[in-house]
Each structure stands twice: as structure tokens, then as C-alpha cells.
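Worksheet: the structure to be examined is printed underneath.
Protein chains: 2
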Amino acid sequence: MTGWTTATSGGCGAPEPDDHLVDDEHAEDRKARAAWSRLAEPGDDAAHALVMTEGAIAALARVRAGGGERRWQSRLPGLDAENDLSVLEGLGGRLLIPSDPEWPEAIDALGVEAPFCLWVRGPLALAEATTRAAAIVGARAATPYGERVAADLADGCATRGITVISGAAYGIDGAAHRAALAAGGPTIAVLACGVEQAYPGGHTELINRIVAEGAVVSEVPPGSAPTRWRFIERNRLIAGLSRVTVVVEAAHRSGAMGTAARADKLSLPVAAVPGPVTSASSYGCHRLLRNGAVCVTSAEEVAELAGRIGEYLPETLPLPMAVHDGLGPVDLRVFDALPLRRPVGLRVLISTAGLEPDTVRAALGRLELRGLAARDGGGWRRTRAGKT
Amino acid sequence: MTGWTTATSGGCGAPEPDDHLVDDEHAEDRKARAAWSRLAEPGDDAAHALVMTEGAIAALARVRAGGGERRWQSRLPGLDAENDLSVLEGLGGRLLIPSDPEWPEAIDALGVEAPFCLWVRGPLALAEATTRAAAIVGARAATPYGERVAADLADGCATRGITVISGAAYGIDGAAHRAALAAGGPTIAVLACGVEQAYPGGHTELINRIVAEGAVVSEVPPGSAPTRWRFIERNRLIAGLSRVTVVVEAAHRSGAMGTAARADKLSLPVAAVPGPVTSASSYGCHRLLRNGAVCVTSAEEVAELAGRIGEYLPETLPLPMAVHDGLGPVDLRVFDALPLRRPVGLRVLISTAGLEPDTVRAALGRLELRGLAARDGGGWRRTRAGKT
Chain A
1 MTGWTTATSG GCGAPEPDDH LVDDEHAEDR KARAAWSRLA EPGDDAAHAL VMTEGAIAAL
61 ARVRAGGGER RWQSRLPGLD AENDLSVLEG LGGRLLIPSD PEWPEAIDAL GVEAPFCLWV
121 RGPLALAEAT TRAAAIVGAR AATPYGERVA ADLADGCATR GITVISGAAY GIDGAAHRAA
181 LAAGGPTIAV LACGVEQAYP GGHTELINRI VAEGAVVSEV PPGSAPTRWR FIERNRLIAG
241 LSRVTVVVEA AHRSGAMGTA ARADKLSLPV AAVPGPVTSA SSYGCHRLLR NGAVCVTSAE
301 EVAELAGRIG EYLPETLPLP MAVHDGLGPV DLRVFDALPL RRPVGLRVLI STAGLEPDTV
361 RAALGRLELR GLAARDGGGW RRTRAGKT
Chain B
1 MTGWTTATSG GCGAPEPDDH LVDDEHAEDR KARAAWSRLA EPGDDAAHAL VMTEGAIAAL
61 ARVRAGGGER RWQSRLPGLD AENDLSVLEG LGGRLLIPSD PEWPEAIDAL GVEAPFCLWV
121 RGPLALAEAT TRAAAIVGAR AATPYGERVA ADLADGCATR GITVISGAAY GIDGAAHRAA
181 LAAGGPTIAV LACGVEQAYP GGHTELINRI VAEGAVVSEV PPGSAPTRWR FIERNRLIAG
241 LSRVTVVVEA AHRSGAMGTA ARADKLSLPV AAVPGPVTSA SSYGCHRLLR NGAVCVTSAE
301 EVAELAGRIG EYLPETLPLP MAVHDGLGPV DLRVFDALPL RRPVGLRVLI STAGLEPDTV
361 RAALGRLELR GLAARDGGGW RRTRAGKT
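Protein chains in written order, with our numbering: chain A, 1 to 388; chain B, 1 to 388.
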């Protein structure tokens with residue numbers, strides 16, 4: 001378990017300022033934003049713009065007074081934000097709004113597309129968890145290769161304290177969450193439906209575990225169904241909460257391509273994992289690479305992109321060496337010219353290597369020091385170590 | 001067999017100008033350049049610069065008179081360019097020098113590093129063959145995946161009339177040459193030894209076939225051994241003769257990485273084929289991709305880089321479609337909101353989709369036209385085609 005911070009306990013978020021009037025306004029804003037998350041679909045730019053300019057409370061009052069768009073009006077009848085909030089509280093969850101200390105600032109980069117609020121379950125504190133975070137996303141119909149790489153990357157991120165953010169889907173998403181949990185690291189699942197549901201159903205156990213150990217997040221209130229549109233808009237949250245979006249496997253129509261596009265629109269780095277060109281599951285990744293995505297092959301390379309600049313520096317790899325590795329061009333030519341058995345004189349070496357006498361002499365000295373060349377009688381030959 | 005041009009028959013190259021004096025000088029230049037290719041190692045910048053500034057004949061005369069570097073002097077005793085040329089002629093080969101019409105102009109981009117001459121065997125005319133040419137190179141210790149991809153790329157290049165240039169080595173090189181030959185396309189093997197030898201020995205049959213149907217090229221005269229240094233310098237010829245260098249598989253120390261570096265130095269495009277990140281044989285390719293190489297996954301993508309700009313335009317791929325593919329965001333939201341069985345009225349659709357009445361009406365019209373939505377009683381539902 002890396003030392004990630006736990007959110008302040010349950011309830012619907014603790015208001016920060018002490019003053020009572022401010023408390024009340026904060027609670028009112030929370031309720032109004034919860035209401036807006038039900039009145040308007042994710043990515044309803046007019047709703048977001050209205051809330052942004054007038055504030056959630058005033059904007060809601062306007063709709064209640066019969067103003068605003070008819071699509072919002074049409075959803076007023078069933079609206080009961082207090083009930084939604086108490087459902088969330090009953091689940092041990094909390095609603096985050098921009099004025100909360102736990103609000104993940106990264107998501108404000110979405111501008112007018114930023115969510116009204118976030119419905120959250122789980123102990124992971126979002127503000128801190130999203131300062132070092134990588135979205136690891138990809139195809140539901142992943143290959144064993146893709147799932148393995150997703151797990152390797154997520155494991156490496158988790159052990160470095162980098163939050164693994166994904167969408168809890170089958171395939172790549174699931175592999176990433178699971179590996180992060182297994183490593184005891186922070187992970188966030190962003191859902192397209194309400195946080196009271198586990199979608200997809202086959203991931204109920206996984207999502208419950210993320211609720212218990214990480215965070216499950218949605219911008220739509222409890223009871224909301226996961227529509228195609230909400231999946232598309234959910235992807236902007238995955239991108240916006242992360243410092244880098246890594247696509248592990250993606251066919252040409254994969255939702256992960258949408259997440260990558262949203263990250264790119266936010267000027268956040270997009271990375272793609274290469275795979276066999278013979279695999280349709282890597283088609284999207286290769287298209288991203290052709291369009292300028294960063295090629296990543298290891299958690300270390302993801303970490304370079306997922307944290308603050310310079311926080312994670314690449315380790316140097318220990319590489320296998322041949323005896324002649326690291327020889328300069330001149331030394332290599334003299335080494336090439338040295339016979340394995342019968343020693344030869346300087347004159348022959350000059351001719352064979354095609355180098356000047358002084359150059360050959362200097363190279364022989366260096367090769368001798370490296371244990372690759374030996375004097376033998378009046379001439380020179382390779383040593384046993386130099387016999388490649 | 002694509003219609004590539006055959007070189008003018010055998011001998012040591014036909015001088016172009018008719019005038020006898022010029023003929024004599026041309027023959028003299030040819031002999032002097034053949035001599036220089038024996039006196040100086042490939043990439044001996046001082047030798048290349050001397051020949052470039054004084055001309056091969058005058059530069060040779062200077063060395064014969066005791067001038068120039070001692071390394072060249074040291075090789076004068078065994079020098080017999082006329083014999084080298086007659087050996088070549090005996091093999092049915094020809095020597096190309098820059099003033100020959102068949103000289104591949106592309107290689108002049110090497111500047112002072114351009115070869116003195118090219119020792120050539122095989123019917124393929126180099127000047128024309130190198131106007132559309134891709135180097136397909138990679139590891140000797142290739143995987144079946146790498147060899148398959150190399151063959152696919154080479155086949156696709158060959159059938160497009162793009163010359164496949166490689167180094168005749170085991171692994172990727174061999175797979176590329178073989179596929180080009182199988183497709184009846186042009187291929188050039190650039191050797192690090194004299195063209196009278198087949199190196200590696202296990203590729204004797206392959207190299208003989210390239211001699212019979214393509215071109216085998218070297219900058220060193222007959223009898224020259226393939227030293228490590230010559231392999232390194234040979235790689236600059238592979239890069240320089242090609243319009244793009246494609247690395248299919250390469251471990252971190254692969255010679256193909258050197259070829260890519262030489263291509264990059266010449267400001268020629270470098271492309272790399274992605275592979276599984278779990279494969280050490282793709283390590284070099286992924287390093288190249290991280291450093292800005294173009295990601296290529298098909299011969300079509302290589303062809304875009306291998307010919308004159310705009311000569312090969314990418315074909316559009318037929319992609320599998322879902323019924324909701326291509327729907328705009330508004331139509332998708334209305335489609336999502338449509339029930340599969342019991343029809344619903346406009347008011348419900350407005351609320352469910354979160355869209356304005358006019359917007360919903362227009363979207364329903366478009367969905368109806370596409371056969372995805374149907375009127376049913378007073379309401380709307382999805383059609384059978386829309387049941388995904």
C-alpha cells in the first residue's frame with residue numbers, strides 16, 4: 001500500500017468555511033448542482049454555461065420560474081435533489097462541488113464542459129489522487145496481450161503512487177483497475193451511470209472493491225442509466241481527471257479513441273501502446289501513434305507523463321554487451337584488422353585497417369587496456385576475450 | 001513482374017559521351033575510382049574529400065607520387081584496379097561512377113560520404129530503381145512475426161513497383177528480399193563485402209537470385225572481406241539509396257538502428273513497425289517511435305513515404321459499422337432515448353434525451369430516414385434494424 005490520502009469520512013462532503021451563512025450557501029450550491037446534474041445531460045453546453053455565469057442556485061431558480069430551455073423544464077417534475085443526496089449518503093458516498101477542498105482541480109481544464117458536480121463513493125481523496133494520475137483505457141474486446149500489458153502498466157503506476165483511472169469496462173479497463181488494486185495502489189473508476197449501480201454487471205465485484213479501496217465517480221445522479229451518450233461524455237472525465245491518457249488496445253471504433261481525442265483537446269499527453277500490426281485490437285493504437293501519440297512500452301514511460309514534470313526520471317536499462325560494444329570507429333577498425341591467431345606487425349595493421357600509423361598505435365594501446373588486443377612477439381593479435 | 005528497367009548489358013558500364021578523348025578520360029576516372037575504393041576504407045572522409053576536390057585521377061596520381069596519407073600508401077603495393085575491373089567483368093558485373101547515367105543520384109545526398117563508385121551485379125538499373133525505393137531492414141535474430149511483417153511490406157512494395165533495398169542478412173533482410181523476388185518486383189542487396197562473395201554463406205542461393213533478377217551492390221572491390229566497420233558504413237548506402245528506411249524488428253544493438261540513424265542524418269524519413277512491447281526484438285522499433293519515427297503498419301503506409309510526394313495515396317479501408325455509427329451527437333441521444341418495444345411520446349423523448357422539442361423532432365426525422373426509428377401509434381420506437 002503506497003501512502004495515498006483517504007478522503008474525509010462519508011457524508012455529503014464537509015464544507016470548509018466556518019461561517020454559518022457561508023455554510024448554508026455552500027449547502028444550497030451543493031443541492032443546486034446535484035439538481036443540475038439531473039436536469040441537464042452531461043456536456044449540455046448551454047446548461048454548463050448558464051451555471052458557470054449565473055451560479056447553480058440562480059440558474060436553477062430561473063428554470064423553476066419557467067425560464068431556460070424546455071429540455072430542462074421537461075425534467076423538473078421528477079426532480080428531488082435532496083432525495084438523491086440522501087440516497088448517496090445512504091451508500092456512504094459524497095457529492096463534490098468545485099468549492100470543496102477535495103474537488104479535483106485538474107478537471108477544471110474542461111472549462112465549460114466541466115461537470116456540475118461529482119458523485120463519489122470510496123475512500124480515495126480525489127484532489128490529491130489526481131495530481132499524479134494516468135488513464136489506462138482500451139478495448140472491451142481486449143486480447144490476452146492487451147490485458148497483460150494493461151496490468152503491467154497499472155501495476156507499475158500503482159507501485160509508484162500514480163492513480164490508475166479507467167472506466168470499469170471489460171477488457172483493458174478491468175485489467176488496469178485489478179492490477180492497481182492488487183498492488184495496493186490508488187484507482188478511480190469513472191462510470192457513465194449512477195454510482196449506486198455496478199456497470200457492467202459482470203464487474204460488480206470489481207466495482208465494489210474499488211468502492212471499498214479507491215473511488216467510484218460519476219457526474220450523473222443515482223438511478224441514471226448508462227446511455228451511449230453518457231459513455232461518450234464520461235470519457236472526457238476520464239481524460240480530464242488524468243495527467244496522461246494511455247490507450248493500450250483499441251479497435252478503430254473503440255471508446256478509448258474518444259478518450260484519447262478528449263485528452264488531446266485538453267492539450268494533455270496521449271500515449272499509445274504498440275502491438276502486433278497483425279492484431280486488429282492494436283489498430284487504434286497505431287493510428288494514434290501515426291498521429292503523434294507518445295509510444296509507451298513500460299510503466300516507467302507512463303510515469304514520466306503522469307506526474308509533475310521531472311518527478312519520475314527514467315531508469316537506465318542494463319543492456320547486454322558484446323566485447324566490441326562502445327569501441328569508437330577507429331578502435332573498431334583496428335580490432336577488426338587484428339588476427340585471431342598469428343600476430344601481425346604494425347605495417348599490416350595500417351594497411352588492413354586503412355588508418356594512419358599513429359592512429360593504429362593509439363588504438364592498439366586502448367584495445368590492450370580493454371584486454372582485447374595483446375602484443376605477441378613483434379606483432380599484435382586479439383586476446384581470448386576479443387574472440388567473439 | 002512490374003515494369004522495372006533493366007540495366008544496359010554487362011561489361012564495366014558504357015560511357016555516355018561519344019567523343020574519344022572524353023571516353024578515355026571517363027575510362028580513366030572509372031579506373032581511378034575503382035582504385036580509390038581499394039585504397040581507402042568506406043567513410044574515409046579525407047580520401048573522399050580529396051577525390052571530391054581534386055578528382056579521382058589527380059588524387060590517385062598524388063598518392064602514387066608518395067603524397068597523401070600513409071594508410072593509402074600502405075595499400076598501393078597490391079593495387080591493380082584493372083584486374084579488379086576484369087574480375088567484375090568476368091562476373092557479368094559493372095562499375096558505376098557518378099558520371100554514369102545509371103548512377104543513383106539519391107546517394108549523392110551522402111555528400112563527402114558518397115562512395116567513390118559502386119560495384120554492381122544484376123540486371124536492375126539503379127538510377128531508376130532508386131527513385132521509388134524503401135529500405136526494409138531489421139534484426140538477424142528476427143521473430144516469425146517480424147519476418148512475416150517484413151515479407152508483407154516487401155510484397156506490397158514490390159507489387160507497387162517500389163524497390164526493396166536491404167542488406168541480405170538473415171532474418172528481416174532475407175524475408176524482405178525473398179518476398180520482393182516472389183512478387184516479381186525490384187530488389188537491391190547492398191553488401192559489406194565484394195560482390196563476388198555471398199555473405200552470409202547461408203544466403204548464397206538468395207544472393208545469386210538477386211544477382212539474376214535484381215541488383216547486388218557494394219562500394220568495396222572484389223575480394224574485400226565484410227568487416228564490422230564495413231557493415232556500419234554499408235548501412236549508410238542502404239539509407240542513402242532509399243527514400244525511406246523502415247525498421248521492422250530491431251533489438252537495442254541492431255545494425256538496423258544504425259541504418260535508421262544514417263537515414264535520419266540524411267533528413268530521410270525513418271519508419272518503424274510496432275510490435276508487442278513484450279518482445280525484445282521490437283525494442284529498437286519502439287525506441288525509434290519514441291524518438292519521432294513514423295509508425296508504419298502496412299505496405300500502403302510505406303509506399304506513401306517511398307515514392308515521390310503524392311504518388312501513392314492511401315486507400316480507404318472498409319470498416320465494419322454498427323447501426324449507430326455516423327450518427328451525430330443529437331441523433332445518438334435521441335436514438336438512445338428510443339425504447340425498443342413500447343413506443344413513447346415526444347414529451348418523454350425530450351426529457352429522456354435532454355434535448356429541445358424541435359431538436360428531437362428533427363432527429364426523429366433523420367433516424368426515420370435511416371430506418372432506425374419508426375412511428376408507432378402516437379409515439380416512437382426503434383425499428384428492428386435499430387435493435388443493437
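Glycine is no exception: its CB is placed at the ideal position from the N, C-alpha and C atoms.
Since we're looking at a predicted model, the values are computed, not measured.
Just checking: is the beta-carbon of Ala286 of chain B within a distance shorter than 7 Å of some beta-carbon in chain A?
Correcting the residue type first, residue 286 of chain B is His in the shown sequence and not Ala. So yes, His286 of chain B belongs to the interface.
Buried or exposed: where does Arg236 of chain A fall if 16 or more other Cβ atoms within 10 Å of its Cβ makes it buried?
Buried, because 16 or more other Cβ atoms sit within 10 Å of the Cβ of Arg236 of chain A.
Return yes when the Cβ of Ile172 of chain A is within less than 7 Å of the Cβ of Gly156 of chain A, no when it is not.
Against a cut-off of 7 Å, the Cβ pair of Ile172 of chain A and Gly156 of chain A comes out as no contact.
Applying a beta-carbon distance threshold of less than 7 Å, which residues of chain B neighbour Pro357 of chain A?
Per Cβ cutoff of 7 Å: Arg70.
Check whether the Cβ atoms of Ala154 of chain B and Ala135 of chain B lie closer than 7 Å to each other.
Not in contact: Ala154 of chain B and Ala135 of chain B (Cβ atoms no closer than 7 Å).
Interface residues of chain A around Leu289 of chain B at Cβ under 8 Å?
Here the neighbours are Pro274, Leu289 and Cys295.
From the DSSP output, in three-state form, read off Cys157 of chain A for me.
Helix at Cys157 of chain A.
Between Val220 of chain A and chain B, is the shortest Cβ-Cβ distance under 7 Å, so that the two count as touching?
Output row for Val220 of chain A: interface = no.
Among A:Asp24, A:Val360 and A:Ala34, which residue has its Cα nearest to the Cα of Gly194 of chain A?
For the residues A:Asp24, A:Val360 and A:Ala34, the minimum Cα distance to Gly194 of chain A belongs to A:Ala34.
For Leu389 of chain B, which residues from the same chain have a beta carbon less than 6 Å from its beta carbon, with the 5 sequence-adjacent residues on both sides left out?
Since the displayed chain B opens at 1 and closes at 388, residue 389 of chain B lies outside it and no answer follows.
For Ala40 of chain A, return the contacting residues in chain B, with the cut-off set at a CB-CB distance below 8 Å.
Within chain B, the residues near Ala40 of chain A are Gly354.
Should Arg262 of chain B go down as buried or exposed, given a rule of 16 or more other Cβ atoms within 10 Å for buried?
Buried, since its Cβ has 16 or more Cβ neighbours within 10 Å.
Does the region 203–216 of chain B touch the region 232–248 of chain B, meaning 3 or more C-beta pairs lie closer than 8 Å?
Verdict: no, contact absent.
State the start and end residues of the unbroken beta strand (DSSP E) segment that holds Thr245 of chain A.
Unbroken beta strand (DSSP E) run through Thr245 of chain A: Val244 to Val247.
Would DSSP call Asp44 of chain B helix, strand or coil?
Looking at Asp44 of chain B - three-state DSSP - the assignment turns out to be coil, as it is neither helix nor strand.
With a floor of 4 residues, list each alpha helix (DSSP H) that falls wholly inside the region 129–177 of chain A, ordered by position along the chain.
Whole alpha helix (DSSP H) segments, 4+ residues: 144–159.
Once DSSP output is grouped into helix, strand and coil, what is the label at Ser86 of chain A?
In this structure, Ser86 of chain A counts as helix in the three-state DSSP scheme.
In chain order, what residues of the region 329–349 of chain B put their CB closer than 9 Å to some CB of chain A?
Per Cβ criterion, the list reads Pro329, Leu332, Arg333, Phe335, Asp336, Ala337, Arg347 and Val348.
What first and last residue would you give for the beta strand (DSSP E) that runs through Leu118 of chain A?
Start and end: Leu118 to Arg121.
Leaving aside the five residues before and after Val87 of chain A along the sequence, list all residues of the same chain whose C-beta is less than 6 Å from its C-beta, in chain order.
Taken in chain order, the residues that qualify are Pro222.
Measuring CA to CA, which of B:Asn291, B:Pro186, B:Thr159 and B:Val149 is closest to Ile165 of chain B?
Residue B:Pro186 is the option with its Cα nearest to Ile165 of chain B.
Would you mind reading off the limits of the alpha helix (DSSP H) that contains Ala467 of chain B?
The requested residue 467 of chain B does not occur in the structure, where chain B is confined to residues 1 to 388.
At 8 Å on the CB atoms, spell out the chain A contacts of Asp44 of chain B, in chain order.
Simply Gly354.
Determine, for Gly378 of chain A, whether the minimum Cβ-Cβ distance to residues of chain B falls below 7 Å.
So, not an interface residue.
Hey, could you find the ends of the beta strand (DSSP E) Val270 of chain B is sitting in?
Its beta strand (DSSP E) spans residues Val270 to Ala272.
At a Cβ threshold of 7 Å, is Arg75 of chain A touching chain B?
True, the Cβ-Cβ gap to chain B drops below 7 Å.
Evaluate the contact criterion for the region 109–116 of chain B versus the region 48–64 of chain B: three or more CB pairs, one atom per stretch, below 8 Å.
Yes: at least three Cβ pairs fall under 8 Å.
Can you tell me the Cα-Cα spacing of Thr143 of chain A and Thr297 of chain A, whole angstroms?
Taking the straight line from one Cα to the other gives about 16 Å.
Select from A:Val277, A:Ser279, A:Leu288 and A:Val270 the residue whose C-alpha is nearest the C-alpha of Glu301 of chain A.
Nearest option by C-alpha distance: A:Val270.
Is there contact between the region 342–356 of chain B and the region 365–373 of chain B, where contact requires at least three CB pairs shorter than 8 Å?
Flag = no, the region 342–356 of chain B and the region 365–373 of chain B do not touch.
Could you tell me how far apart the beta carbons of Ala133 of chain B and Arg243 of chain B are, in whole angstroms, since I believe they sit closer than 8 Å?
With 8 Å as the limit, Ala133 of chain B and Arg243 of chain B qualify as a contact, their Cβ atoms being about 6 Å apart.
Look at the alpha carbon of Ala385 of chain B and the alpha carbon of Leu126 of chain B, and state the distance between them as a whole number of angstroms.
If you take the alpha carbons of Ala385 of chain B and Leu126 of chain B, they lie about 57 Å apart.
For Ala176 of chain B, which residues in the same chain have their Cβ closer than 6 Å to its Cβ, ignoring the five residues on either side in sequence?
Ile136, Ala150, Ala154, Val164 and Ser166.
Once you ignore the five residues that flank Ala169 of chain B on each side, which residues in its own chain have a CB closer than 7 Å to its CB?
Arg140 and Pro200.
In terms of residues, what are the limits of the alpha helix (DSSP H) holding Thr259 of chain B?
That run of the alpha helix (DSSP H) goes Gly255 to Lys265.
Would you mind telling me which residues of chain A sit closer than 8 Å to Tyr145 of chain B, beta carbon to beta carbon, in chain order?
Ordered by position in chain A, the residues that pass the 8 Å Cβ test against Tyr145 of chain B are Pro276 and Thr278.
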